[in-house]
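Colleague:
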């Protein structure tokens, strides 16, 4: 059974709405290449919700393009290739991927009260976290031991995104404001306040709690007075100068590593951490015996920020469609003359992120939108609606949102989805049920392929853990995750787990894999990291 047939069956559509397509696609369609060998016996070219065989060619070809190579029988070979690319990056010291960080592998013994600072792209969060002492029977879920005593958040305007001494004075003032609103951490003059930082920008890291501020992104700039200065020292001095309080920064991590730190404490079975929102990333802890010496940080184990988005060149060649080529024209190349996980594109002088472009939250609705636009032009979708009313749908990355995709694909209520689409585009005429079903079909094919891609990388990571850390000591392997995509797209989560746990390699290892949401990871992870390094 093909991926598309599974999708059609899941909707319980009447057989009269499932037809074989033989129409040639209009020459301006990006999918014309897929129609050369259409056969009436090929059930992967079936279309859903058609009125006649002359009005469903784009839909059928899109379904075929996204679904035809999504085959669970190929998961092992695809994951083997990704696994080999992981090891290549580790052994040959890729400067782009598998980036080493000082290890945080929570033991469950972490406890204490901590100040946490989390600087993201547009927000500053300051919190006080209390971690209770371990109980005798908390080998499973330890989340009950964590209390967010107080948490405050402030928006950072673009006009204030110059990281200088004034910026750190601002952070110090917000720390003082937060500490003044609680009583757990003393503000007495001689008190040393143990602190963890989640810093969402690259640092030239010196140790687990020291790093030079050199690189920034997300609209920020670094002032010369701060450039190349140690983040720990700058913050501690600002707090002492402004409020005569003594901080001791115990750990500095980024947002993806915070997921691992938080998850490995909360869940004793957690071995991997994943961020899947607008982007995609994963990290894990590996022993260093087989790593390039520059990846080891002179430690027995390191926490690896995989920069997952740059892996998957083999998947891009096997699974990409003409719509992916609109997203990034490098999908159009028959073969790449570089390895994205090892080097930048020598022609474009930029990184290539194949797995992110096909599986992350920024691109799932955009791929769906591109197919919808093609269908509208060919009269297959919204045929009875004035095209001028749909102008906003033609806006790249804005015309069809993740919220709309979720609403259409996650529920069975086509009437509710119709009302939402009609309201969103301010249409004078309601979107018909047939059009909702067509959009749902497209979206589910895009999501199914994305789930296959994520599953391939998870299986590759499990092989990597076994290769470097030895046999698993428990049959349970949990993956902590953050990101709105997996949080709200339940079907996406379910498809990933079905692919992974149905894989023969995973079955042979006797493993059961699960995805677990990690709430408040950026502040809890920093607290766990600080507790982990409290005596170091």
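Residue numbers (this note's numbering): 16 to 551. Cβ coordinates follow ideal geometry from the N, Cα and C atoms, glycine included.
Looking at residue 334 and residue 468, is the spacing between their C-beta atoms short of 8 angstroms?
Modeller: Counting from one through the chain shown, the residue named residue 468 turns up at place 453. Counting from one through the chain shown, the residue named residue 334 turns up at place 319. Yes; because the gap between Cβ atoms is below 8 angstroms, this pair is in contact.
Colleague: Less than 8 angstroms between the C-beta atoms of residue 380 and residue 426, yes or no?
Modeller: Here residue 380 refers to the residue found at position 365 when the chain shown is read from its first residue. Here residue 426 refers to the residue found at position 411 when the chain shown is read from its first residue. Going by C-beta atoms, residue 380 is not nearer than 8 angstroms to residue 426.
Colleague: Going straight from the alpha carbon of residue 344 to that of residue 322, what length do you get?
Modeller: Position 329 of the chain shown, counting from 1, holds the residue named residue 344. Position 307 of the chain shown, counting from 1, holds the residue named residue 322. Rounded to whole angstroms, residue 344 to residue 322 spans 21 angstroms at the Cα level.
Colleague: Pull up the DSSP beta-bridge partners for residue 295, would you.
Modeller: Indexing the chain shown from 1 puts residue 295 at position 280. Its beta-bridge partners are 291.
Colleague: Hey, how far is the Cα of residue 404 from the Cα of residue 446?
Modeller: By one-based count along the chain shown, residue 404 stands at place 389. By one-based count along the chain shown, residue 446 stands at place 431. For residue 404 and residue 446, the distance between alpha carbons rounds to 12 angstroms.
Colleague: Which one of 475, 493 and 394 has the shortest CA to CA distance from residue 74?
Modeller: Locating residue 74 in the chain shown gives position 59, where the first residue counts as 1. Answer by Cα proximity: 394.
Colleague: Suppose only complete runs of 3+ residues qualify. What are the beta strand (DSSP E) ranges in the segment 244 to 281, listed by chain order?
Modeller: The qualifying runs are 261 to 268.
Colleague: Is the CB-CB distance between residue 317 and residue 108 below 8 angstroms?
Modeller: Locating residue 317 in the chain shown gives position 302, counting from the first residue. Locating residue 108 in the chain shown gives position 93, counting from the first residue. In this structure, residue 108 does not lie closer than 8 angstroms to residue 317 by Cβ.
Colleague: Looking at the structure shown, is residue 491 part of a helix, part of a strand, or coil, going by DSSP?
Modeller: Start at 1 with the first residue of the chain shown, and residue 491 comes out as number 476. Residue state, collapsed to three classes: strand.
Colleague: Could you compute how far the alpha carbon of residue 428 sits from the alpha carbon of residue 165?
Modeller: Along the chain shown, one-based indexing puts residue 428 at 413. Along the chain shown, one-based indexing puts residue 165 at 150. Taking the straight line joining both Cα atoms gives about 40 angstroms.
Colleague: Check whether the Cβ of residue 436 lies closer than 7 angstroms to any heavy atom of the ligand NAD, and answer yes or no.
Modeller: The model on display carries no ligand, and the ligand NAD is accordingly not part of it.
Colleague: DSSP on residue 212, reduced to helix/strand/coil?
Modeller: Residue 212 sits at position 197 when you count from the first residue of the chain shown. DSSP places residue 212 in strand when its eight states are reduced to three.
Colleague: In whole angstroms, give me the CA-to-CA distance for residue 369 and residue 484.
Modeller: Against the chain shown, residue 369 aligns to sequence position 354. Against the chain shown, residue 484 aligns to sequence position 469. So the two alpha carbons sit approximately 28 angstroms from each other.
Colleague: According to DSSP, simplified to helix, strand and coil, what is residue 117?
Modeller: As a working mapping, residue 117 is identified with position 102 in the chain shown. Note: residue 117 maps to strand in three-state DSSP.
Colleague: Classify residue 259: buried if its beta carbon has 16 or more other beta carbons within 10 angstroms, exposed otherwise.
Modeller: Counting from one through the chain shown, the residue named residue 259 turns up at place 244. The residue is exposed, with fewer than 16 neighbouring Cβ atoms inside 10 Å.
Colleague: Just list the residues that DSSP pairs residue 3 with in beta bridges.
Modeller: Nothing in the structure corresponds to residue 3, since the chain is present only between 16 and 551.
Colleague: I'd like to know whether the C-beta atoms of residue 533 and residue 498 end up nearer to each other than 8 angstroms.
Modeller: Start at 1 with the first residue of the chain shown, and residue 533 comes out as number 518. Start at 1 with the first residue of the chain shown, and residue 498 comes out as number 483. No, the pair does not count as a contact, with Cβ atoms beyond the cut-off.
Colleague: Please state the DSSP three-state secondary structure of residue 233.
Modeller: Looking up residue 233 in the chain shown gives position 218. Here residue 233 sits in coil by DSSP.
Colleague: Please check the pair residue 138 and residue 110, which I expect to be a contact at CB under 8 angstroms, by giving their CB distance rounded to whole angstroms.
Modeller: Sequence index remark: in the chain shown, residue 138 carries index 123 (1-based). Sequence index remark: in the chain shown, residue 110 carries index 95 (1-based). Wrong, their Cβ atoms sit about 30 angstroms apart, outside the cutoff.
Colleague: Mapping the DSSP letters down to three states, classify residue 11 as helix, strand or coil.
Modeller: In this structure the chain extends from 16 to 551, so residue 11 is not present and cannot be described.
Colleague: Using the Cα positions of residue 407 and residue 81, report the straight-line distance between them to the nearest angstrom.
Modeller: For the purposes of this step, residue 407 is identified with residue 392 of the chain shown, where counting begins at 1. For the purposes of this step, residue 81 is identified with residue 66 of the chain shown, where counting begins at 1. Spanning the two alpha carbons is a distance of roughly 25 angstroms.
Colleague: What number of angstroms, rounded off, separates the C-alpha of residue 263 from the C-alpha of residue 98?
Modeller: Residue mapping note: residue 263 aligns to position 248 of the chain shown, counting from 1. Residue mapping note: residue 98 aligns to position 83 of the chain shown, counting from 1. The alpha-carbon atoms of residue 263 and residue 98 are separated by roughly 39 angstroms.
Colleague: Excluding the 5 residues preceding and the 5 following residue 462 in the sequence, name in chain order all residues of the same chain whose CB lies nearer than 6 angstroms to its CB.
Modeller: Position 447 of the chain shown, counted from the first residue, corresponds to residue 462. Correct list, in chain order: 507.
Colleague: Given a cut-off of 8 angstroms, decide if residue 356 and residue 104 are closer than it, judged by their beta-carbon atoms.
Modeller: Within the chain shown, residue 104 is the residue found at index 89, counting from 1. Within the chain shown, residue 356 is the residue found at index 341, counting from 1. Contact: yes.
Colleague: Answer with buried or exposed for residue 247, where buried requires no fewer than 16 other C-beta atoms within 10 angstroms of its C-beta.
Modeller: As a first step, residue 247 is located in the chain shown; it is residue number 232 there, counting from the start. Buried, since its Cβ has 16 or more Cβ neighbours within 10 Å.
Colleague: Does the Cβ-Cβ distance between residue 184 and residue 253 come in under 8 angstroms?
Modeller: Along the chain shown, one-based indexing puts residue 184 at 169. Along the chain shown, one-based indexing puts residue 253 at 238. Yes, Cβ-Cβ distance for residue 184 and residue 253 is below 8 angstroms.
Colleague: Compare the C-alpha of residue 240 against each of 177, 203, 204 and 257 and name the closest.
Modeller: Residue 240 sits at position 225 when you count from the first residue of the chain shown. Measuring from the Cα of residue 240, the nearest candidate turns out to be 177.
Colleague: The beta strand (DSSP E) that contains residue 144, what's its start and end?
Modeller: Position 129 of the chain shown, counted from the start, is the residue given in the question as residue 144. Residues 138 to 146.
Colleague: Are three or more beta carbon pairs between the segment 536 to 550 and the segment 273 to 286 nearer than 8 angstroms?
Modeller: Output reads yes: the segment 273 to 286 touches the segment 536 to 550.
Colleague: Leaving aside the five residues before and after residue 382 along the sequence, list all residues of the same chain whose C-beta is less than 6 angstroms from its C-beta, in chain order.
Modeller: On the chain shown, position 367 is the one that residue 382 refers to. For residue 382, where only same-chain residues beyond five positions count, the Cβ hits under 6 angstroms are 338 and 461.
Colleague: If you draw a straight line from the alpha carbon of residue 306 to that of residue 126, how long is it in whole angstroms?
Modeller: Counting from one through the chain shown, the residue named residue 306 turns up at place 291. Counting from one through the chain shown, the residue named residue 126 turns up at place 111. So the alpha carbons of these two residues sit roughly 32 angstroms apart.
Colleague: Identify the residues that DSSP records as bridge partners of residue 227: which are they?
Modeller: As a first step, residue 227 must be located in the chain shown, where it is residue number 212. Beta-bridge pairing links residue 227 to 219 and 245.
Colleague: Can you tell me the Cα-Cα spacing of residue 371 and residue 202, whole angstroms?
Modeller: As a position in the chain shown, residue 371 is number 356, starting the count at 1. As a position in the chain shown, residue 202 is number 187, starting the count at 1. Taking the straight line joining both Cα atoms gives about 45 angstroms.
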